[in-house]
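Heads up, the thing below is written out as structure tokens.
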Amino acid sequence: MMIIDSHTHMFPPRVRDNPPLVEDAEFAFQLMFGHGGSRMVDPETMLSEMDAAGVHMAILCAFPWMTLERCGENNDYLLEVAAAWPHRFIPFAVTNPGMGRSAMDEARRCLEAGARGLGELHAQPQGFDPNDRRIMSPLVELAQAYDIPLMIHVNEPVGHYYPGKGPVTPETIYRFVREFPDVKLILPHWGGGLPFYELMPEVAEACTSVYYDSAASPYLYRSDIYRLAAAAAGSRKILFATDYPLLPYDRTLSDARTGIGDASRQEDILGRNAARLFGVDIPQV
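In structure tokens, the structure reads:
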């Protein structure tokens, strides 16, 4: 069974080695990493842990930086890492939609260089409104032109607070989905609960191009969410994801396998769905 982790993060060495040196204006980074307590890894460490867990490939996401300078540095590093291990890593690129034409130029530059998606975009720390058509339309048009997905951070509207929890909820992102129904969209962290609204026929119809990833799932939900979300939205729309290195693979994979249960559904969620989305060939046994 092929396992693809559809949501991980990797930082460039200058950030990884000296997190306190990142400017205070990047408040989301300072909140989550500036104190030095949150884990960051190099590609060799990540590959070793992927191998130990039986994870074949991973999507590399940059941090949702405010400045395009930081975005560009992180993007360049992910492209470099993915070029060194092309059969293990798929690079995404990040930009800040609120920065206008320069943001689009950065996204286009990375897509031309081999990025396979855009994200993780995060409205709160990056300071943009996902329902501002003026700034989002160019990004959506770019994603559609390159036939790649957007990944936009979504949070559940209730429950406990944690660093990174923001105001983009299912209601917010559903307005985006209705405005741009044809763009491929990955909603992390179970889309803040949006898959359960797909029990409403009109929501399911609007969300035909939406995928939900399970990043950080053990921090948020019981493992039953895999089975329940699959029943509500369909197992082919769910992508196994970890938010690595936030959580170790033994915990996230155990949680996923327990929650999914059915063997065929495991193949879909753990790897086949992502392989289909990103055009990865699955070896025939």
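To convert, note that position 113 of the sequence shown is 717 in this note's numbering; the numbers rise steadily by one, no gaps.
Note that CB positions come from ideal geometry on N, CA and C, so glycine has one too.
Predicted model, so just to flag it, every value in this text is computed and none were measured.
- Per DSSP, the continuous alpha helix (DSSP H) segment holding residue 739 begins and ends at 737 to 750.
- Every unbroken stretch of the alpha helix (DSSP H) spanning 4 or more residues and falling wholly within the region 614 to 693 is given here in chain order: 617 to 621, 631 to 636, 647 to 657, 672 to 688.
- Assigned with DSSP and collapsed to three states, residue 612 falls in strand.
- The beta carbons of residue 694 and residue 659 sit no closer together than 8 Å.
- As the crow flies, the alpha-carbon of residue 647 is around 13 Å from that of residue 666.
- Per DSSP, reduced to three states, the secondary structure at residue 727 is helical.
- The C-alpha of residue 698 is placed about 16 Å away from the C-alpha of residue 847.
- Residue pairing by DSSP places residue 755 opposite 790 in a beta bridge.
- Inter-residue distance for residue 873 and residue 815 is about 11 Å (C-alpha atoms, whole angstroms).
- Restricting attention to 735, 612, 751, 838, the CA atom closest to the CA of residue 701 is found in 735.
- Shown here, residue 816 sits in a strand according to DSSP, grouped into three states.
- In the structure shown, the three-state DSSP call for residue 832 is helix.
- Scanning the region 837 to 876 from its first residue to its last, the whole alpha helix (DSSP H) runs of 4-plus residues come out as 853 to 864, 867 to 871.
- With three or more CB-CB distances shorter than 8 Å, the region 749 to 758 counts as touching the region 781 to 796.
- Taken atom to atom, the span from the alpha-carbon of residue 842 to that of residue 690 is near 24 Å.
- When the alpha-carbon of residue 685 is set against those of 672, 708, 617, the nearest one is in 617.
- Here residue 730 has 668, 670, 700, 702 as same chain residues with Cβ atoms under 7 Å from its own Cβ, once five neighbours each way along the sequence are excluded.
- Residue burial annotation: residue 795 is buried, with at least 16 other C-beta atoms found within 10 angstroms of its C-beta.
- Residue environment for residue 762: exposed (fewer than 16 other C-beta atoms within 10 angstroms of its C-beta).
- Closest option to residue 774, judged by alpha-carbon separation, among 800, 876, 643: 800.
- Put simply, the region 824 to 832 does not touch the region 805 to 812. Fewer than three CB pairs are less than 8 Å apart.
- Residue 836 holds the alpha-carbon nearest to the alpha-carbon of residue 805 among 825, 820, 836.
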